[in-house]
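**Student:** Protein chains in written order, with my numbering: chain A, 903 to 1018; chain B, 116 to 228. Could you have a look at this structure, given as structure tokens, before my questions?
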Amino acid sequence: DTEVTQTPKHLVMGMTNKKSLKCEQHMGHRAMYWYKQKAKKPPELMFVYSYEKLSINESVPSRFSPECPNSSLLNLHLHALQPEDSALYLCASSQDGAGAIPYEQYFGPGTRLTVT
Amino acid sequence: KNQVEQSPQSLIILEGKNCTLQCNYTVSPFSNLRWYKQDTGRGPVSLTIMTFSENTKSNGRYTATLDADTKQSSLHITASQLSDSASYICVVSATGNTGKLIFGQGTTLQVKP
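As structure tokens, then:
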């Protein structure tokens, strides 16, 4: 099974709402990632979790809060977002995020987020 | 500065024709280079991954080449199909970069009947 699943597929939220994006993988991967992708642009890395610990935060605003409850799950909690945060949010996983040799990253289908 | 540049930005070809996409990078120390295919509104799907010692790798009708000396890669698509219409992204990793990928801007390919 080389699948990364993400829920929901689409999300519309107001600027005062609190919502969460969920990501799950069952490949035994120990690194998980959140990316943000705007239209016609490449994905931008937001967070990396390695062995359930946050290893990279790319200076993401605090209105985005990641959580890794266990090695298979990754959440992204959203609060007080702005319309410019509307984008496709991608989750990815890899065998290992640390070390000298970067492993293959498997991407989920993404959550299309619209902030109104 | 680590960068990945792709050309052309967009491409339109007729079904059944071949095409080649280009990628130049300045990432150092180089670890590996990947080509991803991304359909609109979907997550990227890996086509090939090559280390510095590999100079060609195929995945069906997709063939990637890598010249580590000139820091160039190409993705050749043979006998294009309508389903090949997508964005193709070249992604490079540096050694010891804890999984951080450096993405190119992508080439948008449209295959017309």
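No residue lacks a Cβ here, since even glycine has one placed at the ideal position from N, Cα and C.
1) For the structure I just gave you, are there three or more beta carbon pairs, one from the stretch 180-191 of chain B and one from the stretch 131-151 of chain B, closer than 8 Å?
2) Counting only runs that start and end within the stretch 163-217 of chain B, where is the beta strand (DSSP E) found for 3 or more residues in a row?
3) Among the residues of its own chain, which have a CB less than 7 Å from the CB of lysine 227 of chain B, if the five just before and after it don't count?
4) Determine the contact status of methionine 915 of chain A and leucine 978 of chain A, defining contact as a CB-CB distance below 8 Å.
5) Output needed for glutamate 969 of chain A: all residues of its chain with C-beta closer than 6 Å, excluding positions within five of it in sequence on either side, in chain order.
6) Kindly list the residues whose CB is nearer than 6 Å to the CB of leucine 162 of chain B, restricted to its own chain and excluding five residues on each side of it in sequence; keep chain order.
7) State the start and end residues of the unbroken beta strand (DSSP E) segment that holds methionine 948 of chain A.
8) Go through its chain and collect everything with a Cβ distance to serine 922 of chain A's Cβ below 7 Å, but skip five positions before and after it.
9) Are the C-beta atoms of serine 122 of chain B and some chain A residue less than 8 Å apart?
10) Spatial neighbours of serine 973 of chain A within its chain, please: C-beta separation below 7 Å, excluding the five flanking residues on both sides.
11) Going by C-alpha to C-alpha distance, which of A:Val1017, A:Thr1013, A:Thr1018 sits closest to proline 910 of chain A?
12) State the DSSP-derived secondary structure class of glutamate 986 of chain A, mapped to helix, strand or coil.
13) Rounded to a whole number of angstroms, what is the C-alpha to C-alpha distance between phenylalanine 1009 of chain A and leucine 216 of chain B?
14) Give me the residue from A:Thr1018, A:Arg965, A:Ala994 with the minimum Cα distance to proline 159 of chain B.
15) Could you tell me the distance, in whole angstroms, from the CA atom of threonine 1016 of chain A to the CA atom of serine 168 of chain B?
16) Give a yes or no on whether the C-beta atoms belonging to leucine 224 of chain B and leucine 181 of chain B are separated by under 8 Å.
17) Report the rounded CA-to-CA distance for glutamine 927 of chain A versus valine 950 of chain A, giving the unit in angstroms.
18) Does leucine 216 of chain B come within less than 8 Å of chain A when only Cβ atoms are used?
19) Would you report the Cα separation of valine 207 of chain B and valine 142 of chain B, rounded to the nearest angstrom?
20) Could you confirm whether any beta carbon from chain A is found closer than 8 Å to the beta carbon of serine 161 of chain B?
21) Count the other CB atoms, across all protein chains shown, that sit within 10 Å of the CB of serine 996 of chain A; report buried if there are 16 or more and exposed otherwise.
**Tutor:** In this structure, then:
1) yes
2) 171-174, 177-182, 187-192, 201-209
3) Ile127, Leu129, Glu130
4) no
5) Asn977
6) Trp150, Lys152, Asn174, Tyr177
7) 946-952
8) Asn977, Leu978, His979, Leu980
9) no
10) Arg932, Glu954
11) A:Thr1013
12) helix
13) 13 Å
14) A:Ala994
15) 43 Å
16) no
17) 15 Å
18) yes
19) 7 Å
20) yes
21) buried
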